[in-house]
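> Each position in the sequence shown, counted from 1, maps to that position plus 4 in the numbering used here. Positions of the beta carbon are idealized from the N, C-alpha and C atoms, including for glycine. Please read all numbers here as calculations on a predicted model, not as lab measurements.
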Amino acid sequence: MNAAKVLDDLKRRFPNEPEYHQAVEEVLSTIEEEYNKHPEFDKVNLIERLCIPDRVYQFRVTWMDDKGNIQTNMGYRVQHNNAIGPYKGGIRFHASVNLSILKFLAFEQTFKNSLTTLPMGGGKGGSDFSPRGKSNMEVMRFVQSFMLELWRHIGPETDVPAGDIGVGGREVGFMFGMYKKLAHEFTGTFTGKGREFGGSLIRPEATGYGNIYFLMEMLKKQGTDLKGKSCLISGSGNVAQYTAEKVLELGGKVLTMSDSDGYIFDPEGIDREKLDYIMELKNLYRGRIREYADKYGCKYVEGARPWGEKADIALPSATQNELNGDDAKKLVANGVMAVSEGANMPSTPEAVKVFQEAKILYAPGKAANAGGVSVSGLEMTQNSIKLSWSAEEVDEKLKSIMKNIHEACVQYGTEADGYVNYVKGANVAGFMKVAKAMMAQGIV
Ligand code: NDP
Ligand code: 2IT
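1. Any idea what DSSP makes of TRP155, helix, strand or coil?
2. So, with DSSP's three-state summary, where would you put ASN373?
3. In the DSSP output, which residue or residues are listed as bridge partners for MET261?
4. Using only the alpha-carbon positions, how far apart do GLU209 and PHE435 sit?
5. What is the residue span of the alpha helix (DSSP H) that ASN367 lies within?
6. Under the DSSP definition of a beta bridge, which residues are partnered with GLY126?
7. Could you spell out the range, first to last residue, of the alpha helix (DSSP H) harbouring GLN62?
8. Within 10 angstroms of its Cβ, does VAL432 collect 16 or more other Cβ (buried), or is it exposed?
9. Drop a sphere of 10 angstroms on the beta-carbon of PHE194, count the other beta-carbons inside from all chains shown, and report buried for 16 or more, exposed for fewer.
10. The beta strand (DSSP E) that contains ALA444, what's its start and end?
11. Comparing the CB of GLY137 with every heavy atom of the ligand NDP, is any distance shorter than 7 Å?
12. If I measure Cβ to Cβ from ASP270 and keep anything under 6 Å in the same chain, skipping five residues before and after, which residues do I get?
13. Flag GLN324 as yes when its Cβ comes closer than 7 Å to any non-hydrogen atom of the ligand NDP, and as no otherwise.
14. What distance in whole Å lies between the Cβ atoms of VAL143 and ARG174, which are believed to be in contact at a cut-off of 8 Å?
15. Can VAL60 and PHE111 be called in contact, C-beta distance under 8 Å?
16. Just grab the DSSP bridge partners of ASP163 for me.
17. Which partner residues of ALA318 appear in the DSSP bridge assignment?
18. Anyone know if the C-beta pair for TYR304 and ILE268 falls short of 8 Å?
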């Protein structure tokens, strides 16, 4: 394979999809060497078959708002690759959603899911519908209309969606309810469900906890841990909240959290009580992070991200490309020792380069945030054996999965000078398993 040529070809055939190109470029540039050690891959054009999604569904979603106006949104499901298991990946509801973003997410998900060691292929879906400012009934009407199209393309052994930005327990509940009615079955077709109807314990916590378990493995390798270390967290949604919870539990200090309007900086640290306030503010009242600064009298910076603040560790947990090359330079200049990604592709390629050249610990999302989909995989197992495991049992399995992913990254990503290139490690390890499965299954 000639990575540059494959990428040029994809750009020509699928123009105006910058996030998709960005995700593919990162993977191709790191697996090229390993790929070319296997001439049998190129003989069957494996790389193109892996980069282009198996299929994409795209549909119009029409619903009525509370004022009686008819609204239309777009709905999508990208089924990227099912070589190692049914398509699996979240649903995103956000005004910015388009095909490029969902194709990048589905592509990333394929490698991430492979790393988890569980049998899951990769997919992603969503809509440009934004739940922000919508009433409960509006969200429900939208979701029901969305499901009228989506339900026929998914199923417990076909494609199993879950949450992502803008899709939490409430939205998954509505999707599951409508799916159940249309498909006339009660199965584990969604994960992230409520615990009363098949949801796994620890699934809400899993992405944030998993990121910190991964970070702890990286720190351990350098003979240190989280005690007394200060952390910058972006976002204040599901991933950010449980990242903060685990940092506090392990003795670290959380200095910042953010939302799409700005960030708060609390030099005293966001403690358990303050985090409970944020959880209530965000999950119950659906308020803005600015209100934290009003309540606790700390700094709030409108329209900015927290990367200019000084800290030991950065944990981007909001969205893609939220940390650019200049931000990375500021973090490094301020002495950051580790960056571990809760979000998917939050660092731009320029930022990744800065981290790697400074030889700091840097974990890409597809490794560090794999805990969420891992516990989704465990939820699928519990649903199919019709049992539910205790929180301790699930948490132990999550820890061991994150440890295994870390080991795989070290195995495939350690460079001659001992520096672990976690990007390369994650990409090569994730790729090899999918590639072997595709080779064994013939040209399909
Ligand atoms: P939530 O919707 O719960 O929270 C998202 C947070 O990020 C909110 O604080 C939101 O602010 C902020 N945000 C969203 N979009 C933007 C934007 N364009 N600019 C600035 N801030 C933004 O989502 P999650 O916590 O579930 O997801 C966060 C990240 O983690 C995403 O990248 C997602 O793909 C990834 N992820 C999620 C997993 C999961 O299990 N949920 C698993 C693995 C990865 P506001 O409220 O203002 O919109
Ligand atoms: O990006 C992700 O891994 C998720 N949003 C979770 C996917 C899942 O199926 O749990």
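This is what the structure holds:
1. As a first step, residue 155 is located in the sequence shown; it is residue number 151 there, counting from the start. In this structure, TRP155 counts as helix in the three-state DSSP scheme.
2. For the purposes of this step, residue 373 is identified with residue 369 of the sequence shown, where counting begins at 1. Coil.
3. In the sequence shown, the residue the question calls residue 261 occupies position 257. Note: MET261 is bridge-paired with ILE268 in the DSSP secondary-structure output.
4. To locate residue 209, count along the sequence shown from 1; it is residue 205. To locate residue 435, count along the sequence shown from 1; it is residue 431. Approximately 27 Å between the Cα atoms of the pair.
5. Counting from one through the sequence shown, the residue named residue 367 turns up at place 363. Correcting the residue type first, residue 367 is Ala in the shown sequence and not Asn. ALA367 -> not in any alpha helix (DSSP H); beta strand (DSSP E) instead, spanning 365–367.
6. Along the sequence shown, read from residue 1 onward, the residue named residue 126 stands at position 122. Looking at the DSSP assignment, GLY126 forms a beta bridge with ASN85.
7. Here residue 62 refers to the residue found at position 58 when the sequence shown is read from its first residue. Where GLN62 is concerned, there is no enclosing alpha helix (DSSP H), although the beta strand (DSSP E) it sits in stretches over 59–68.
8. As a first step, residue 432 must be located in the sequence shown, where it is residue number 428. With 16 or more other Cβ atoms within 10 Å, it is buried.
9. Here residue 194 refers to the residue found at position 190 when the sequence shown is read from its first residue. Its Cβ being crowded by 16 or more others within 10 Å, PHE194 is buried.
10. Working through the sequence shown from its first residue, we reach residue 444 at position 440. Annotation for ALA444: no beta strand (DSSP E) segment contains it, though the alpha helix (DSSP H) segment containing it runs 426–444.
11. Numbered from its first residue, the sequence shown carries residue 137 at position 133. Annotation for GLY137 indicates a beta carbon at 7 Å or more from all heavy atoms of the ligand NDP.
12. Taking the first residue of the sequence shown as position 1, residue 270 is located at position 266. For ASP270, where only same-chain residues beyond five positions count, the Cβ hits under 6 Å are CYS302.
13. For the purposes of this step, residue 324 is identified with residue 320 of the sequence shown, where counting begins at 1. The answer is yes for GLN324.
14. Position 170 of the sequence shown, counted from the start, is the residue given in the question as residue 174. Position 139 of the sequence shown, counted from the start, is the residue given in the question as residue 143. Right, their Cβ atoms sit about 7 Å apart.
15. Your numbering for residue 60 matches position 56 in the sequence shown. Your numbering for residue 111 matches position 107 in the sequence shown. No.
16. Walking along the sequence shown from the start, residue 163 turns up at place 159. Answer is TYR91 and GLY159.
17. Counting from 1 along the sequence shown, the entry for residue 318 is found at position 314. The partner list for ALA318 (beta bridge, DSSP) reads LEU236 and VAL343.
18. The residue labelled residue 304 in the question sits at position 300 within the sequence shown. The residue labelled residue 268 in the question sits at position 264 within the sequence shown. Cβ distance < 8 Å, so TYR304 and ILE268 count as in contact.
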